[in-house]
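**Student:**
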Amino acid sequence: MEKKEQLYEGKAKKVFATDDPDLLIVQYKDDATAFNGLKKGTIAGKGVINNQMSNRLMAMLESEGVPTHFVQELSQRETLVKRVSIVPLEVIVRNIAAGSFSKHYGVEEGMVFDKPTIEFSYKNDALGDPLLNTRHALALRVVTEAEIETIKAYSFRINELLQAFWKSCGVTLVDFKLEFGRLSDGTIVLADEISPDTCRLWDSKTHEKLDKDRFRRDLGGVEEAYAEIMKRLEAKLGG
Ligand code: UDP
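Quick note: the sequence shown uses the numbering used here, first residue 7, plus one each step.
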């Protein structure tokens, strides 16, 4: 599959056209940002890890009946994906209080919920990705009622599958962010990535953070944490 013109460059990825109008190539970078782009840096090797991890996890989700944009890994940093139009919502599922949830509601990081939570924010950098509820999303006409129901159902199913997978690696899935897209026929599929950039992953025993919070909070050992979490995944799924 030939890589053609660059269509888009985001914070962590570049997107290229191919000779097939229904397929794109995503290329993962080592660039890292946090706090809506205010903090910038590089995490050496992150692009390779995020590419490989996201692809493995999406293949697992597909095998469990969750449709995704994943088609084929092309190289260490490049993947062929289905072209989608992104639904401009960030979907956040949480099992344990952390980050903005702890801050908003004044609860300590690590409080385990009886049931997972879900929240949405409106993908809009200029507005700072404001939180919104289902009715707000319908009012803004960014999704239909049927689409948001599908997105919620997939998100909770993905949580069950990812939680079980990471548990088997000795890792606790604290929370994560998903993005969905529409194929040309309107089908909703999981898009973007699932990686230590978009998930909070803690060692089950020590609660050591093995994700981007090490970068956000200047905890050190950022590259080592990404390498460790990838090693755990490979120990389970093979190298
Ligand atoms: N997250 C993300 N991109 C964002 C915001 C959040 O991938 O723009 C992920 C983040 O890594 C975490 C989860 O979503 O796993 C919940 O993040 P939270 O709302 O607590 O925000 P944060 O404290 O990370 O700003």
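All residues carry an ideal CB built from backbone N, CA and C; glycine is no exception. Bear in mind that the values here come from a model prediction, so they are computed numbers and not experimental data.
On a CA-only basis, which of TYR128, ASN61, VAL99 is nearest SER81? Give me that one, please.
**Tutor:** ASN61
**Student:** For VAL97 and PHE126, which I take to be in contact (beta-carbon distance under 8 Å), what is that distance rounded to the nearest angstrom?
**Tutor:** 6 Å
**Student:** In angstroms with no decimal places, state the Cα-to-Cα distance between HIS110 and THR212.
**Tutor:** For HIS110 and THR212, the distance between alpha carbons rounds to 26 Å.
**Student:** Can you tell me which residues form a DSSP beta bridge with LYS183?
**Tutor:** ILE98
**Student:** So, does the segment 185-199 touch the segment 137-157, judging by three or more C-beta pairs under 8 Å?
**Tutor:** yes
**Student:** Using a Cβ-Cβ cut-off of 7 Å (strictly less than) and excluding sequence neighbours within five positions of LEU138, which residues of its own chain qualify?
**Tutor:** Excluding residues within five positions, the ones whose Cβ falls inside 7 Å are PHE126, SER127, TYR128.
**Student:** Do ASP203 and LYS215 have their C-beta atoms closer together than 7 Å?
**Tutor:** no
**Student:** Would you call the segment 228-235 and the segment 47-65 in contact, with 3 or more CB pairs under 8 Å?
**Tutor:** yes
**Student:** Got a sec? Which residues, its chain only, sit under 7 Å from GLY187 by beta carbon, not counting five neighbours each side?
**Tutor:** HIS75, VAL90, SER91, ILE92, VAL93, VAL195, ALA197
**Student:** Where SER161 and LEU184 are concerned, what is the direct C-alpha to C-alpha distance, given to the nearest angstrom?
**Tutor:** 8 Å
**Student:** Taking 7 Å as the cut-off, decide whether the C-beta atoms of VAL99 and PHE182 are in contact.
**Tutor:** yes
**Student:** Run the proximity test for LEU188: is its beta-carbon closer than 6 Å to any non-hydrogen atom belonging to the ligand UDP?
**Tutor:** Sequence inspection shows Arg at residue 188; the Leu mentioned does not correspond to that position. Flag unset: Cβ of ARG188 not near the ligand UDP.
**Student:** Considering only DSSP beta bridges, list what TYR128 is partnered with.
**Tutor:** In DSSP, TYR128 forms a bridge with LEU95.
**Student:** For LYS17 versus ILE31, is the C-beta distance shorter than 7 Å?
**Tutor:** no
**Student:** Chain B beta carbons: is any one of them nearer than 7 Å to that of THR123?
**Tutor:** Checking the listed chains, one finds no chain B in this structure; it contains a single protein chain.
**Student:** For PHE22, does the three-state DSSP call read helix, strand or coil?
**Tutor:** strand
**Student:** Do you know offhand how far THR85's Cα is from ALA132's?
**Tutor:** 29 Å
**Student:** In or out: ALA143 buried (at least 16 other Cβ within 10 Å) or exposed?
**Tutor:** buried
**Student:** Alpha carbon to alpha carbon, how far is PRO122 from CYS205?
**Tutor:** If I take the Cα positions, the gap works out to 14 Å.
**Student:** Compare the Cα-Cα distances from MET236 to each of VAL177, VAL77, ILE102 and report the closest residue.
**Tutor:** Closest option to MET236, Cα to Cα, is VAL177.
**Student:** Excluding five sequence neighbours on each side, which residues of the same chain lie with their C-beta closer than 8 Å to the C-beta of VAL149?
**Tutor:** VAL93, LEU95, ALA143, ILE157.
**Student:** Assuming MET200 and MET64 form a contact by the criterion Cβ under 8 Å, report the distance between their Cβ atoms to the nearest whole angstrom.
**Tutor:** Residue identity check: residue 200 is Ile in the sequence provided, not Met. Right, the Cβ-Cβ distance comes to about 7 Å (below 8 Å), so this counts as a contact.
**Student:** Contact defined as beta carbons within less than 8 Å: I believe LEU179 pairs with ASN101. What is the distance between those atoms, to the nearest angstrom?
**Tutor:** 6 Å
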